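Engineer: Once you've had a glance at the structure underneath, I'll fire off some questions.
In the numbering used here, the protein residues as written are 208 to 596.
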């Protein structure tokens, strides 16, 4: 929920004159990496020291690129070594990936290295570097990249996602819904389907009894109102299968209907620890609902569940300008770990002239750049973006 915030942290460290004081603890942490999210932030901080001439941090960054300590984050340290060493840093990272390509196929994150090198060094120079290398691993990396470019060009000449969705017949939807797939693409199909096909899906949903099929078919309506409202969706929100309940709530959300509002109010009386109930008020709000939501909210201990709950609270307030956001907006800002959600909450409070006096001062020091810019605080310059190769 939070992106790495090393630029913000580095500014704080410099302001208080603690660059030398934090050097050893940061270096120790860099040799004892515990998870990829904190490791990404540590690599960014290591770059700050290395860019100032600290060779120990520079060496460790190159080691991380070579060792790839986290399989799910193979790009760790690559941006930093390319920023530090330019063409040598890029060729080093390309060589490491080229060796790995001897035992696997090209993956999307291999292209990430090309993208950051192109942004840093220029496309023509990157091509010259790859063509000029005699290293077998670098050549393997180059060949893998160019093959991927050809595949991408072929895909782009194919029909677009929207075009594929439009021509997909409804009987293909029924067949896929009965399979083992989660059918995530049904949402996109539902956005572009004609009314007759949507009615056919709704009719099948009315009589279907298999939970897996019900959940898949309900996904069709997660981004588009029902062609005609059907109260069975409300019944499905109480289904014994969790996946069915989740998809049914999502299918109800786009619909403005008295029965949806009645159901949402009934659910509020039970207490709310999930955003699924709150989201039903986005299109079914009436003045005073913000107070009802506030009274019913029971904040979950789980960070992700809390994040989704507060995100839907902000959506209700944003969609309905007559809502009083002075209390729920502050809660949405203060209790989330998501910098994007804080930005939306602050923007809402400022636009409605409901921000408390302390908010602007606090936002000046928010780790999120967007929040700082909302209150007119100068953007923190990133040294990596201004250094020359």
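Quick reminder that beta carbons are idealized off the backbone N, C-alpha and C, glycines included.
Given the structure is predicted, the values throughout are model-derived calculations rather than measurements.
#1: Check whether the Cβ atoms of residue 512 and residue 475 lie closer than 8 Å to each other.
#2: Between which two residues does the alpha helix (DSSP H) harbouring residue 317 extend?
#3: For the region 426 to 464, which segments carrying the beta strand (DSSP E) assignment without a break, of at least 3 residues, lie completely within its bounds, in sequence order?
#4: Just checking, does the region 374 to 387 make contact with the region 345 to 358 on the three C-beta pairs under 8 Å criterion?
#5: Considering only residues of the same chain and omitting the five flanking positions on each side of residue 407, which have a CB-CB separation below 6 Å?
#6: Taking the alpha-carbon of residue 405 as reference, which of 431, 510 and 259 has the nearest alpha-carbon?
#7: Is it right to say residue 368 is buried, meaning 16 or more other beta carbons lie within 10 angstroms of its own, or is it exposed?
#8: Could you tell me which uninterrupted beta strand (DSSP E) segments, each at least 3 residues in length, are contained entirely in the region 518 to 573, listed from first to last along the chain?
#9: With residue 345 and residue 298 assumed to form a contact (beta carbons below 8 Å), what rounded beta-carbon distance in angstroms separates them?
#10: Alpha carbons only, please: which of 572, 446 and 271 is nearest the one belonging to residue 220?
#11: Span of the alpha helix (DSSP H) holding residue 256?
#12: I'd like the list of long-range same chain contacts for residue 373, defined as Cβ closer than 6 Å, with 5 residues on each side in sequence excluded.
#13: Determine the direct distance from the alpha carbon of residue 305 to that of residue 278, and round the result to whole angstroms.
#14: Residues in the same chain with beta-carbon distance under 7 Å from residue 229, minus the five sequence neighbours each way, listed in chain order, please.
#15: Restricting to Cα atoms, I'd like to know which of 435, 459, 371 and 544 is closest to residue 395.
#16: By a C-beta neighbour count over all protein chains shown, 10 Å radius and 16 as the cutoff for buried, is residue 222 buried or exposed?
#17: Please classify residue 479: does DSSP put it in a helix, a strand, or coil?
#18: Sort 523, 438, 457 and 446 by Cα distance to residue 469 and report the nearest one.
#19: For residue 543, is the classification buried or exposed, using 16 other Cβ atoms within 10 angstroms of its Cβ as the cut-off for buried?
#20: Over the uninterrupted alpha helix (DSSP H) stretch that includes residue 498, give me the two end residues.
#21: Here's a check: name, in chain order, each residue in its chain whose Cβ is nearer than 7 Å to the Cβ of residue 289, leaving out the five neighbours to either side.
#22: Which class does residue 416 belong to by DSSP, given the choice of helix, strand or coil?
#23: Pick from 547, 492, 517 and 548: whose alpha carbon is nearest that of residue 529?
#24: Which residues in the same chain have their Cβ closer than 6 Å to the Cβ of residue 264, if we skip the five residues on either side of it in sequence?
#25: Nearest by alpha-carbon distance to residue 269: which of 358, 260, 250 and 447 is it?
#26: State the CB to CB distance for the pair residue 581 and residue 537, rounded to an integer number of angstroms; the pair is presumed to be in contact (CB under 8 Å).
#27: Does residue 275 come out as helix, strand or coil in the three-state DSSP assignment?
#28: Helix, strand or coil for residue 306? Go by DSSP, reduced to three states.
#29: Taking DSSP as the reference, what is the three-state secondary structure of residue 579?
#30: Compare the beta carbon distance of residue 462 and residue 416 with 8 Å and say whether it is the shorter of the two.
#31: Could you tell me which of 418, 428 and 280 sits nearest to residue 449, measuring between CA atoms?
#32: Would you kindly report the start and end of the unbroken alpha helix (DSSP H) that includes residue 396?
Structural biologist: The relevant details are as follows:
#1: Result no, Cβ atoms of residue 512 and residue 475 do not sit closer than 8 Å.
#2: Where residue 317 is concerned, the enclosing alpha helix (DSSP H) stretches over 315 to 328.
#3: Those beta strand (DSSP E) runs which fall completely within the region 426 to 464 and span 3+ residues do not exist here.
#4: Too few Cβ pairs lie closer than 8 Å, so no.
#5: Residues 377 of the same chain have their beta carbon placed closer than 6 Å to that of residue 407, with the five preceding and five following residues left out of the count.
#6: The residue with the shortest Cα to Cα distance from residue 405 is 431.
#7: By the 10 Å Cβ count, residue 368 comes out exposed.
#8: The beta strand (DSSP E) runs of length 3 or more contained entirely in the region 518 to 573 do not exist; there are none.
#9: Right, the Cβ-Cβ distance comes to about 6 Å (below 8 Å), so this counts as a contact.
#10: It is 572.
#11: Where residue 256 is concerned, the enclosing alpha helix (DSSP H) stretches over 243 to 258.
#12: The answer, listed in chain order, is 399.
#13: Straight-line Cα distance between these residues: approximately 16 Å.
#14: Correct list, in chain order: 220.
#15: Out of 435, 459, 371 and 544, 371 has the C-alpha closest to the C-alpha of residue 395.
#16: If you draw a 10 Å sphere on the C-beta of residue 222, you find fewer than 16 other C-beta atoms in it, and that means exposed.
#17: In the three-state scheme derived from DSSP, where H, G and I count as helix and E and B as strand, residue 479 is classed as strand.
#18: Nearest option by C-alpha distance: 438.
#19: Flag for residue 543 reads buried.
#20: That run of the alpha helix (DSSP H) goes 496 to 503.
#21: Beyond the five residues adjoining it in sequence on each side, residue 289 comes within less than 7 Å, by CB distance, of 296, 297, 300, 323, 324 and 327 in the same chain, given in chain order.
#22: Three-state result, residue 416: coil.
#23: The shortest Cα separation from residue 529 among 547, 492, 517 and 548 belongs to 492.
#24: Excluding sequence neighbours, residue 264 sits near 253, 256 and 257.
#25: Considering only alpha carbons, the answer is 250.
#26: The distance from the Cβ of residue 581 to that of residue 537 is about 15 Å, inconsistent with a contact at the 8 Å cut-off.
#27: It is coil, neither helix nor strand.
#28: Helix.
#29: In the structure shown, the three-state DSSP call for residue 579 is helix.
#30: Not a contact, by the Cβ cut-off of 8 Å.
#31: Out of 418, 428 and 280, 418 has the C-alpha closest to the C-alpha of residue 449.
#32: Segment 393 to 399, the alpha helix (DSSP H) holding residue 396.
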